[in-house]
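Residue numbers (the working numbering): 1 to 173.
Positions of the beta carbon are idealized from the N, C-alpha and C atoms, including for glycine.
Quick caveat: nothing in here was measured; it's all calculated off a predicted structure.
Some notes on the structure that comes next.
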């Protein structure tokens with residue numbers, strides 16, 4: 001489990017299924033996906049994250065410290081991006097909680113985690129090209145537009161941030 005100023009980021013458990021369906025099954029929240037997630041898709045989502053935790057990756061449940069409300073998920077997964085398997089920061093925030101900086105706060109934590117704990121050389125984020133809010137979140141955590149690609153006739157924007165290796169930082173001191 002991890003904490004930021006306003007959030008608790010914790011591993012998914014099976015009992016998270018109902019609230020995850022409320023988020024990933026919500027048509028407005030998932031407007032930039034081909035369709036909202038079904039119950040089966042949400043079960044698979046939890047199971048996939050639980051498998052990735054063994055690698056230090058996976059999506060984590062986002063819980064508000066102030067109210068304990070579950071509002072979304074965020075973390076590092078490995079995605080096929082334009083034919084290449086890359087570490088990706090993903091985030092979903094329920095529509096009722098969007099616009100308050102929660103995605104930025106969680107994604108910023110996982111960006112730093114990807115660079116320090118996982119020691120990745122770079123981390124990516126991708127979204128449909130018309131998803132302005134997700135693009136802004138990527139930019140706010142220091143990512144820049146890297147490329148674009150099409151999947152199922154839909155344009156996707158790819159953002160990237162390079163991690164500075166600890167040894168490089170130490171040499172500068």
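{"Asked": "Extract the residue ranges of the beta strand (DSSP E) inside the stretch 18 to 80, only unbroken runs of 3 or more that lie entirely within it.", "Found": "58 to 64"}
{"Asked": "Quick check: the stretch 72 to 81 against the stretch 103 to 114, are at least 3 beta-carbon pairs closer than 8 Å?", "Found": "yes"}
{"Asked": "Cutting at 6 Å between CB atoms, please list the residues of its own chain near residue 147, excluding the five before and the five after it.", "Found": "158"}
{"Asked": "Taking the DSSP output, what are the residues bridged to residue 227?", "Found": "An answer regarding residue 227 cannot be provided, because it is not within the stretch 1 to 173 covered by the chain."}
{"Asked": "If you reduce the DSSP assignment to three classes, tell me which class residue 122 lands in.", "Found": "strand"}
{"Asked": "Just the C-alpha distance for residue 57 and residue 118, rounded to the nearest angstrom, thanks.", "Found": "8 Å"}
{"Asked": "If you draw a straight line from the C-alpha of residue 49 to the C-alpha of residue 97, how long is it?", "Found": "22 Å"}
{"Asked": "Please report the straight-line C-alpha distance between residue 1 and residue 156, rounded to a whole angstrom.", "Found": "31 Å"}
{"Asked": "Residue 91: which of 17, 23, 40, 16 sits nearest, CA to CA?", "Found": "23"}
{"Asked": "Rounding to the nearest angstrom, what Cα-Cα distance links residue 123 and residue 77 in this structure?", "Found": "10 Å"}
{"Asked": "Could you compute how far the alpha carbon of residue 7 sits from the alpha carbon of residue 81?", "Found": "29 Å"}
{"Asked": "Check the DSSP bridge columns for residue 86 and list the partner residues they point to.", "Found": "79"}
{"Asked": "Below 8 Å on the Cβ atoms is my contact criterion, and I expect residue 26 with residue 94 to pass it. Report the Cβ-Cβ distance as a whole number of Å.", "Found": "7 Å"}
{"Asked": "Near residue 41, which residues of its chain fall below 6 Å by C-beta distance, leaving aside the five closest residues on each side in sequence?", "Found": "none"}
{"Asked": "Could you spell out the range, first to last residue, of the beta strand (DSSP E) harbouring residue 10?", "Found": "7 to 11"}
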